[in-house]
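Data block below; observations after.
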Amino acid sequence: MNSQTESPSRKSDRREARFLLLPGQMKRGISDQKGVVAVEFALICVPLFALMLSALVMSVVYFTQSALDAVSDEMSRELLTGQAPASGNAGEFKNQACAILPAYMSCSNLLVNVRSVSSFADASTTAPQLSFDSSGAVTNSMSYDPGTAGSVVVFELMYMLPVLKNFDGFAAATLNNGSRLIISTSVIKVEPSS
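Reminder that position 90 of the sequence shown reads as 90 in the UniProt record's numbering, one-by-one numbering, no gaps.
This is the structure in structure tokens:
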């Protein structure tokens, strides 16, 4: 039989023989590098995607913090100049804040706390401990007291940003409802009215 024309059964026997490693061929089989890249990628793909996702989540968190600070600056100017709605009009003040929120931020996740204190020494800027009911709504009562001319006012603007609770060891959520609490606080002294 001519060496160029082999029967199909002999070709398949040779292919199968390539995959059988005899003791003398073990060294050659171990040094085979086919598929190494796929195996290495399989080992690092989950941590790589977790790192990329966590970087994306944290960039949204910092962007939201910056946006909330901008809203807080503008609304604290209203308090500083005495142009904020009077006590008892917390809804109107919150609506003004919501009107300047970026489009991706929801007004329902915004919390406003304005309280008047007797002096700068009495102004506490510690983050509040929020509590939630069974439906995930905040049960803390927020106050709204913009004070009068010469009053020291603590203004807290808080936003509950929905984030991933936990992904491969990365947890961006700081609240029980799966959100991250972002706070912008200002302590101001209301200007005397002219």
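The beta carbon of each residue, even a glycine, is placed where N, CA and C say it ideally should be.
- Burial state of I100 is exposed, judged by a 10 Å Cβ sphere holding fewer than 16 other Cβ atoms.
- Straight-line spacing of the CA atoms in Q65 and A103 works out to 14 Å.
- Residue ranges of uninterrupted alpha helix (DSSP H) with 4 or more members are absent from the region 104-129; none lies entirely inside it.
- The count of Cβ pairs closer than 8 Å, one atom from the region 104-112 and one from the region 152-159, reaches three, so the stretches are in contact.
- Between the region 164-175 and the region 40-59, the count of Cβ pairs shorter than 8 Å is three or higher; the stretches touch.
- Distances from the CA of Q129 to each of T148, G169 and R180 were compared; the closest alpha carbon is that of R180.
- Of T125, G35 and A70, the smallest CA-CA separation from A97 is found for A70.
- Segment contact: the region 135-149 against the region 80-95, three or more CB-CB distances shorter than 8 Å; contact assigned.
- Shown here for L175: same chain residues with a beta carbon closer than 7 Å to its own, the five before and five after excluded, namely L130, M160 and L181 in chain order.
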